[in-house]
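The sequence shown: position 74 = 105 (my numbering), numbered continuously. Glycine included, each C-beta is placed from N, C-alpha and C at the ideal position. Reviewing the structure listed below.
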Amino acid sequence: MKSVFRAGLFEGKVAIVTGGGTGIGKAIARELLYLGSKVVISARKEDRLQQAADELARYIQPSSTAEVKTVPCNIREEQQVTNLMEETISSYGKIDFLVNNGGGQFMSPVSNMSTKGWKAVVDTNLNGTFLCCKEAFRLWMGDNGGSIVNIIVDMSKGFPGMAHTGAARAGVHNLTMSLAVEWISNGIRINCVAPGVIYSETAAQNYSDPELFQKLNSVLPAKRCGTTEEVAGAVSFLLSPAAAYITGTTIDVDGASSKVSLNYLPPADKCHLPEYTWCGGPNSKL
Ligand code: ADE
């Protein structure tokens, strides 16, 4: 299968994809490259990034001006984020697209979560995205326009079991709406993509249960997980001129999983929520 978008759609464009060396980020980078963009992939670990870049280079089409470059960056560190933007501009002369995909979390109920763990997840997912947006604006997009896509998660019903990332991504969602208005006169569009359960090898390695994704299939409305390419397609659409009047919005790529509940239920024997009743409800002891 090839990209559904027209060949050469992003020829001459310059994109940054944070978290571009693995999973969803790598799929986004692959599609942008395939469509002709120069793509800077960024993540903390340089060796994995270079490996990904070598693999991604194979998707560059003959006669395309696309290129892939790696710039290691910890998005929590302002100086490193500044360097990511400056390196991109000095290599390719501009930044047309910024895809804020870098992030991460671990499974834990809040009752077991250390303050350090909470802060680390909020720092990466919320503050890291803020820094990338701010520096892209300051160093290029403020004067020249551009398009930003923030990858968040489906946290429409909270995110029990991973509340740190739910809170951080809700922050990114709200930041996106604010920036859509603040930066519209600079010619910048900024939107979110909210993936549901998306299978990738990296995601599977991140969680302790190796069969987690397979088990989730049966509770998903589509009876399957999403693919990284299905997320990349939504990102490519939002970056493209077809989305010229779309800003401040979120596309759910989730096979309607955000429209059903019961993905997470506390163990039945541990539910002790006191009931309030003064005229005798179904569980009244009056
Ligand atoms: N992916 C996960 N954590 C990250 C970080 N701190 N910087 C960049 N990419 C990341």
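Please output, in chain order, the residues near the ligand ADE using a CB cut-off of less than 7 Å to any non-hydrogen atom of the ligand. Here the list is Thr49, Gly50, Ser73, Ala74, Arg75, Cys104, Asn105, Ile106, Arg107, Gly133, Gly134, Gly135, Thr155, Gly159.
Name the two residues that bound the continuous beta strand (DSSP E) containing Phe36. For Phe36, there is no enclosing beta strand (DSSP E), as DSSP marks it with neither H nor E.
Quick check: what's the CA-CA separation for Ala151 versus Ser94? The alpha-carbon atoms of Ala151 and Ser94 are separated by roughly 43 Å.
Between Thr53 and Lys254, what straight-line distance do the alpha-carbon atoms span, to the nearest angstrom? One C-alpha to the other measures close to 24 Å.
Could you tell me which uninterrupted alpha helix (DSSP H) segments, each at least 4 residues in length, are contained entirely in the stretch 161-239, listed from first to last along the chain? The alpha helix (DSSP H) runs of length 4 or more contained entirely in the stretch 161-239 are, from start to end of the chain, 194-213, 232-237.
Cβ distance (whole Å) where Arg75 is taken to contact Asn114 below 8 Å: Between Arg75 and Asn114 the beta-carbon gap is near 13 Å, outside 8 Å, which marks them as no contact.
Ser34 and Glu77 closer than 8 Å at C-beta: No; because the gap between Cβ atoms is not below 8 Å, this pair is not in contact.
Closest Cα partner of Asn158 within the set Thr196, Ser267, Leu269: Here the closest residue by C-alpha is Thr196.
Which residues DSSP lists as bridging Ser73, in chain order: BP columns for Ser73 point to Thr49.
Could you pull out every residue in the same chain whose Cβ sits closer than 6 Å to the Cβ of Gly334, ignoring the five residues on either side in sequence? In the structure as shown, the chain begins at 32 and stops at 317. Residue 334 is therefore absent and cannot be evaluated.
Leaving out five residues before and five after Gln111 in sequence, what residues of the same chain have Cβ atoms less than 7 Å from its Cβ? Leaving aside the five residues that flank Gln111 on each side, the residues in its chain whose CB is nearer than 7 Å to its CB run, in chain order, Cys104, Asn105.
Run the CB neighbour count on Gly193, radius 10 Å, all protein chains shown included, and call it buried at 16 or more, exposed below. Checking the sequence, you will find Met at residue 193 rather than Gly. Buried, because 16 or more other Cβ atoms sit within 10 Å of the Cβ of Met193.
Can the beta-carbon of Gly227 be found less than 8 Å from the beta-carbon of Gly286? A contact, by the Cβ cut-off of 8 Å.
Would you mind sorting Lys147 into buried or exposed? The rule is 16 or more other CB atoms within 10 Å of its CB. Within 10 angstroms of the beta-carbon of Lys147 lie fewer than 16 other beta-carbons, which makes it exposed.
Asp240, buried or exposed, once every other Cβ within 10 Å from all chains shown has been counted against 16: Asp240 sits exposed, since fewer than 16 C-beta atoms from the chains shown fall within 10 Å of its C-beta.
Fully enclosed by the stretch 73-161, which alpha helix (DSSP H) runs are 4 residues long or longer? Counting only runs of 4 or more, we get 77-87, 109-123, 146-153.
Can you round the beta-carbon distance between Ile182 and His204 to whole angstroms, since I take them to be within the 8 Å contact cut? Between His204 and Ile182 the Cβ distance is about 11 Å, and since that is not below 8 Å, they are no contact.
If we call anything under 8 Å between Cβ atoms a contact, is Phe168 one with Ala46? Cβ distance not < 8 Å, so Phe168 and Ala46 don't count as in contact.
Given that a residue counts as buried once 16 or more other Cβ atoms are within 10 Å of its Cβ, and exposed if not, what is Lys69? In summary, Lys69 is buried, with 16 or more beta-carbon neighbours lying within 10 Å of its beta-carbon over all protein chains present.
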